[in-house]
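In this note's numbering, the protein residues as written are 5 to 548. Cβ atoms here follow ideal geometry from the backbone N, Cα and C, with glycine treated the same way. Model, not experiment: these values are computed from the prediction. Read the structure below first, then the notes.
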Amino acid sequence: MLNLIIVDDEYHALQAIKTAVDWQELGISHVFEAANIKEAKNIFRAHPVHLMLCDIEMPQGSGLDLLAWVRERYPAVRCVFLTCHAEFAYAQRAIELGSTEYILKPVAGQRLKEAVLKAMGEVKADRLVERGQLWLKQQPLFVEHFWFDVIKGRIPPSKDALQEAAQARGITYDLTGKFVPVLLSLEEVGTTESLEELRRSLWQLAREIIVGTSVGGSMVQLSGELALALAEQDPKTVKSHCHLFIKEAQERFQAQLSCYVGVETAPHKLAVAVGDLIRIRERSVAPKGQVFLLERAVRQADGPKPPIHLPDAELWLTLLEQRDPQRLVAEARKYLEHTMETTGLDTHALYVFQQDFLQLFYYVLRNKGVQAHQLFQGEETVELQKRSTRSLDDLLQWLEHIVGEFKKQCQESMSVVEQVRLYIAQNINDVNITCKEIADYVGYNPDYLNRIFRDRTGLTIVQYLVQERMEMAKKLLVRTDMQISSVASQVGYTNFSYFAKVFKGYTNMTPSEYRRALRASLAGKRLMDAFSSPGGGGGMSSGA
């Protein structure tokens, strides 16, 4: 039976974790509680503890500080972090300290149970390693476990500590040489084969191609989608082997992988080297299924970044208005791939590019009379937009999707009458607007268009134009202090007398009379509202 400690400064969160799992059923004999680092340390000193569930941010010291303290004194303890914070720095430090899991709150009971079971499995595996009971049967597994602990930082990063740990586990290794670490990332799967079986097959393929027959090389599974190959060849040879591995994985298993190749590294420095590779992977926006070299990625990351923007706004505007998604995406791919090859791209650059494109896109939507929410509310669109700045492929997929949706929306939902109404709304101050001009815009014969419009609205196009102008004039007269002649010009009339005549025919009042009457009416309504509201002076005081 194992003992577990829960460390969380929030009482209700701690109790929720404590009651989320049947600990006895899992084989946990005792669950300790601590609200801060000081209480946790006292429990560690007083009781044997094998597992720790820990928050990160706490008032008297972080969970990361606590785990660092535990690693120095109780290295066999396994830790699962439960936190509300998704910062990469936290996750990176947790990996360096050898955390088993890093889970964001709130966490479901089943997910918590799985994490604890994984940690318990590591504790039990460590016990078996210490006793040497599995060595003869599962030597490769324990070699992998050794390197896993090196990479996770569970073994102090020094030559002597590694040598001592290897000897304690019965592992014979020449730890004076160097390895080229290769981070393998499973990106996409195109087969119905069991995912677990597929991973085993892929990592075995990597062992054969990348690690090869070298005595000291090894494979280490880091997580479900990540594995690490430790190769003893030179980086150029390793790169060539990675290309072959990616090709074979695609052909044999319909799986797309990326390889991130580090530099030659001493064994006691592997934890830092692998951390660098993980960071490069997180920041990479390049198309998947490639080999990435750490040296080149670092040079691009450290080099100057030119501004990212739409290279030819007029061309992009034309392509959007023509609703040509294929050509637009081709132009985007050509520009972004060139930028990536010359100066590099990161997620921030993709975000800036996306925002510039959206600004142009919204302009076109407005001109076409399409509401943005009509395009961006679908589940697929929302999901694609969330992923759009993760990689170049994701951004291009999102671009093609929304332009395609825009094309479909324009074709399916915008009737001729709606186009006429939109054109009038956008050109209401145009003195020279005519029925023929509108008909040319929508591509119809003027007489035929007028009949369609009257059938749908009960008004001719001219009558509708006058109605819209008068309604706009009414709003401007009441809501602004513009001179009446300016109001007339704003709604498409250069002749003030004619405007006043049309307005009186529409409202039975001159523009001046309408302004005075409406403003007086509004003022009276506000006065009545003030007297009728509580404390507004409408009632008598008790001392009157």
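Tell me the DSSP secondary structure of residue i in three-state form.
i      : result
CYS88  : coil
TYR452 : helix
SER417 : Bear in mind that a pLDDT of 43 at SER417, under 50, signals an unreliable position, so the model cannot answer this.
LEU8   : strand
GLY307 : Since pLDDT at GLY307 reaches only 49, below the 50 mark, its modelled position is unreliable, and the value read off the structure follows with that caveat. Coil.
GLU229 : coil
VAL267 : coil
GLN260 : strand
MET513 : coil
PRO185 : strand
SER392 : coil
ARG82  : strand
LEU354 : helix
VAL193 : strand
LEU369 : helix
TYR106 : strand
LEU101 : coil
VAL295 : strand
GLN143 : helix
ASP3   : The structure shown does not extend to residue 3, since the chain spans only 5 to 548, so no value can be given for it.
THR322 : helix
ARG173 : coil
GLY216 : coil
GLY113 : helix
GLY125 : helix
GLN208 : helix
VAL289 : coil
LEU522 : helix
PRO160 : coil
SER244 : helix
LEU202 : helix
LEU340 : helix
GLN364 : According to the sequence as given, residue 364 is Leu; it is not Gln. It is helical.
GLY279 : helix
Are there 16 or more other CB atoms within 10 angstroms of the CB of residue i, so buried, or fewer, so exposed?
i      : result
LYS478 : buried
LYS595 : As shown, the chain starts at 5 and ends at 548. That puts residue 595 outside it, with no answer to give.
GLY496 : buried
ASN454 : buried
LEU281 : buried
GLN114 : exposed
ALA95  : buried
TYR366 : exposed
ALA275 : buried
GLY462 : exposed
PRO63  : exposed
PRO271 : buried
VAL386 : exposed
PRO515 : buried
GLN171 : exposed
TYR518 : buried
GLY194 : exposed
GLN28  : exposed
TYR264 : buried
ALA521 : exposed
Could you check whether residue j and residue i sit closer than 9 Å to each other, using their CB atoms as the reference points?
i      : j      : result
SER336 : LEU399 : Sequence inspection shows Ala at residue 336; the Ser mentioned does not correspond to that position. Their beta carbons are under 9 Å apart, which means ALA336 touches LEU399 by this criterion.
PHE85  : GLU286 : no
SER262 : VAL295 : yes
VAL11  : ILE32  : no
LEU364 : LEU321 : yes
GLN258 : GLU191 : no
ASN433 : SER501 : no
PHE152 : ALA169 : no
GLU236 : LYS182 : yes
LEU8   : LEU68  : no
ALA277 : PHE249 : no
LEU2   : VAL127 : Any property of residue 2 remains undetermined from this structure, which presents the chain solely from 5 to 548.
PRO450 : ILE437 : no
CYS83  : SER103 : yes
THR393 : LEU354 : yes
Opposite residue i in the DSSP bridges: which residues?
i      : result
SER222 : LEU234
LEU166 : LEU166 is not bridged to any residue.
GLU345 : According to DSSP, which records beta bridges pairwise, GLU345 is partnered with nothing at all.
Could you tell me if the beta carbon of residue i falls within a distance shorter than 8 Å of some heavy atom in the ligand ATP?
i      : result
PHE361 : Among the ligands in the structure shown, none appear at all, so the ligand ATP cannot be discussed.
Against chain D, with Cβ distances strictly below 9 Å, would residue i count as a contact?
i     : result
ALA38 : Checking the listed chains, one finds no chain D in this structure; it contains a single protein chain.
At what residue ranges does the segment 12 to 73 contain a whole run of the alpha helix (DSSP H), taking only runs of 4 or more? 15 to 24, 27 to 30, 41 to 50
For the segment 398 to 446, list the alpha helix (DSSP H) runs that are entirely contained and at least 4 residues long, ordered along the chain. 420 to 430, 439 to 446
Counting only runs that start and end within the segment 463 to 513, where is the alpha helix (DSSP H) found for 4 or more residues in a row? 465 to 483, 488 to 494, 500 to 511
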